[in-house]
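So for the sequence shown, this note's numbering puts the first residue at 188; every next one is plus one.
Yeah, the Cβ is synthetic: ideal placement off N, Cα and C, and Gly gets one too.
Please read the structure below before turning to the comments.
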Amino acid sequence: MGGLQRFENRLEQLISGAFARAFRSAVQPVEISAALQRELDNNAQILSRDRRLVPNSFHVELSSTDLERLAPFDTTLAGELQETLREHAENQSYVFPGPVRIEFEAADDLTTGRFRVRSAAHAKVTTNVTDTQVARAKVFIEVNGVRHPVNPPGLVVGRGNEAGLRINDPGVSRLHVEFKLDGEQLSVRDLGSTNGMVVDGSKIQQAALSDGSTIKIGNTTMTVSLVTDDV
């Protein structure tokens, strides 16, 4: 039995006929599942001979009508879609950079029965920062929509436990870059990483940073955010 058939069978057991009636003339869950699997196949990046990195964050855009019909089942459907994606990834030797997330949202330009999928690879990010450190910070590094403080003397970013900000990205070295904060001056330098870093589009070893500067390491982009005191 194929993965999509198993997916349909599980949905039938979980939701019975209610889902089928709601979606008789609209987007079918199996179509969404197939589209998500294609997103993995079309966006797989080679890590090694036996491993390929794939997206783990998905936005399924639907018409307002379809989204309304889906609403009573969205949590169950998302869970089943996640399980099907994990099975597909395991069969294809794909690697997710972090937890799989699937969200449904409305798109005004889509009609009933139409949908599209947007995907991105978002690495899991962890830190041991305290609330006090966050409150007193004037400099932040934004990763995947979350801001992380940079306090003097600085912050080391990498995949290993020794890093102050840990990013579970296969393209990130254990100790990849170090941010240095001297007064109000922020800079970044590469710590001898395997894949290097790209600052504002240029691959360099070190650079001075300003508000809005971007630093890409592996498949993860960090953005500098400077907070100024209100006058």
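Is it the case that the Cβ atoms of residue i and residue j are separated by a distance below 7 Å?
i	j	result
Ile328	Met384	no
Gly351	Leu342	yes
Gln320	Pro340	no
Thr407	Asp356	yes
Residue i lies in the alpha helix (DSSP H); which residues open and close that run?
i	result
Glu349	Note, Glu349: premise wrong, no alpha helix (DSSP H); not H, not E.
Asp369	Here Asp369 belongs to no alpha helix (DSSP H); instead the beta strand (DSSP E) covers Val364 to Asp369.
Val386	Careful: Val386 lies outside any alpha helix (DSSP H), inside the beta strand (DSSP E) at Met384 to Val386.
Give the single residue among the options whose Cα lies nearest to the Cα of residue i.
i	options	result
Leu413	Asn230, Gln372 and Val316	Gln372
Gly300	Leu254, Gln269 and Asp369	Leu254
Ser244	Leu264, Leu272, Ser251 and Arg238	Leu272
Val170	Asn315, Asn338 and Ile391	Any property of residue 170 remains undetermined from this structure, which presents the chain solely from 188 to 418.
Excluding five sequence neighbours on each side, which residues of the same chain lie with their C-beta closer than 8 Å to the C-beta of residue i?
i	result
Pro286	Asn243 and Lys311
Ile202	Low local confidence applies: a pLDDT of 49 at Ile202 is under 50, so the model's placement there is unreliable, with the coordinate-based value given in what follows. Cβ neighbours of Ile202 beyond the five flanking positions: Phe260 and Thr263.
Asp398	Val411, Ser412 and Leu413
Lys367	Pro340, Gly341, Leu373, Ser374, Val375 and Arg376
Looking only at its chain, what residues have a beta carbon closer than 6 Å to the beta carbon of residue i, apart from the 5 residues adjacent to it on each side?
i	result
Thr381	Ser360
Leu297	Ser250
Skipping 5 residues on each side, what residues in its chain have a beta carbon closer than 7 Å to that of residue i?
i	result
Leu268	Ile219, Ser220, Leu223 and Ile289
Asp387	Ser400 and Thr401
Leu362	Val343, Gly345, Gly347, Glu349, Ala350 and Leu378
Three or more beta-carbon pairs under 8 Å between the region 258-269 and the region 301-317, yes or no?
no
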